[in-house]
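Numbering (my numbering), first residue to last: 363 to 595.
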Amino acid sequence: MALVSTTEKTDSHIIELSSVYFYAGPAPRAIALKDCGALLNGQPGDVFPALYGYQSKQDGFMAARAYADKNRLHFTVIDFLVELDHKQNPLMMKPEDLANHDFVSFARMSRSMMDDLQDLLRERLVCEGLTPTKTELAKPHLLLQQRPELLSTLTAAPDWEHMKVIAYPAKVAFSEKPLTVGVLPHKHWSAIKEATCRLNPGIRITLEPPGPASTDAAPLAAQASRDRGPRAR
363 MALVSTTEKT DSHIIELSSV YFYAGPAPRA IALKDCGALL NGQPGDVFPA LYGYQSKQDG
423 FMAARAYADK NRLHFTVIDF LVELDHKQNP LMMKPEDLAN HDFVSFARMS RSMMDDLQDL
483 LRERLVCEGL TPTKTELAKP HLLLQQRPEL LSTLTAAPDW EHMKVIAYPA KVAFSEKPLT
543 VGVLPHKHWS AIKEATCRLN PGIRITLEPP GPASTDAAPL AAQASRDRGP RAR
């Protein structure tokens, strides 16, 4: 079946994200969406990462196919919708705009917004006893690629804690090429309104919320070991 992207949602209150699920043997009858979050290298904490944007999804699906073929696995694609409380900002995001939006993309930040982001990360690193250089902070997405757990600095910040989705270029576990992901904080899990299995429409996708970060979002190898996947109840 060709991996042709579904039409992106035009509703400015909706963000469409996609994840992949690897498995061995027959296709599972049901998959819990919370088990499909093993996307990033490292432990990102209490957030759920998924592919965001047309090109990122296409590149991600091709990388997932290559990973599955190499490891003698099957994979499927799960699309899900996140409902925002505010319309997406059609302009470059500025610090004074944050309160009026709950989706932010690193690709559409003003200089002042990027400066505020760098300040947040600097404060976190200083608290850890580190002294980051201007060069290290110049491209925050590179820092997050190395240390995805720093995402918690953003999701816990007073000006950011209401964000439903934060999009940035990330290192993905099954792709050598960085891909744009959207991360959904677990505390906003109820914003997910719909999830469907694109390649296997007969597979039911369940939306029970994640537990502690250490117990959910199993590594890719653990996903694949669930030959039959979660059973339908």
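Ideal placement from N, C-alpha and C gives every residue a C-beta, glycine not left out.
Does the CB of residue i have a neighbour CB from chain D at under 8 Å?
{"i": "M475", "result": "Chain labels in this structure do not include chain D; a single protein chain is all it has."}
Starting from the Cα of residue i, find the closest Cα among the options and give me that residue.
{"i": "D521", "options": "E498, L561, D373 and L479", "result": "L479"}
{"i": "Q405", "options": "L483, L435 and L512", "result": "L512"}
{"i": "A392", "options": "I567, M475, T542 and P571", "result": "I567"}
{"i": "H448", "options": "V545, H375, A553 and E538", "result": "H375"}
{"i": "L505", "options": "I440, H524, D481 and D421", "result": "D481"}
{"i": "A386", "options": "N433, E378 and M476", "result": "N433"}
Between which two residues does the beta strand (DSSP E) containing residue i stretch?
{"i": "T558", "result": "I554 to C559"}
{"i": "A412", "result": "V409 to Y414"}
{"i": "T438", "result": "H436 to E445"}
{"i": "E378", "result": "I376 to Y385"}
{"i": "F465", "result": "F465 to S467"}
Locate the alpha helix (DSSP H) running through residue i, then write down its first and last residues.
{"i": "E498", "result": "K496 to A500"}
{"i": "E485", "result": "R473 to C489"}
{"i": "A518", "result": "L513 to A518"}
Taking buried to mean at least 16 other C-beta atoms within 10 Å of its own C-beta, is residue i buried or exposed?
{"i": "S381", "result": "buried"}
{"i": "P411", "result": "buried"}
{"i": "K555", "result": "exposed"}
{"i": "M424", "result": "exposed"}
{"i": "P563", "result": "exposed"}
{"i": "E523", "result": "exposed"}
{"i": "Q417", "result": "exposed"}
{"i": "Q507", "result": "buried"}
{"i": "V444", "result": "buried"}
{"i": "V543", "result": "buried"}
Please check the pair residue i and residue j, which I expect to be a contact at CB under 8 Å, by giving their CB distance rounded to whole angstroms.
{"i": "F536", "j": "A394", "result": "In fact, because the Cβ distance is near 19 Å, the residues do not count as touching under 8 Å."}
Tell me the DSSP bridge mates of residue i?
{"i": "L541", "result": "A532"}
{"i": "S418", "result": "Per DSSP, none; premise fails for S418."}
{"i": "R604", "result": "Lying outside 363 to 595, the shown extent of the chain, residue 604 is not represented and no answer is given."}
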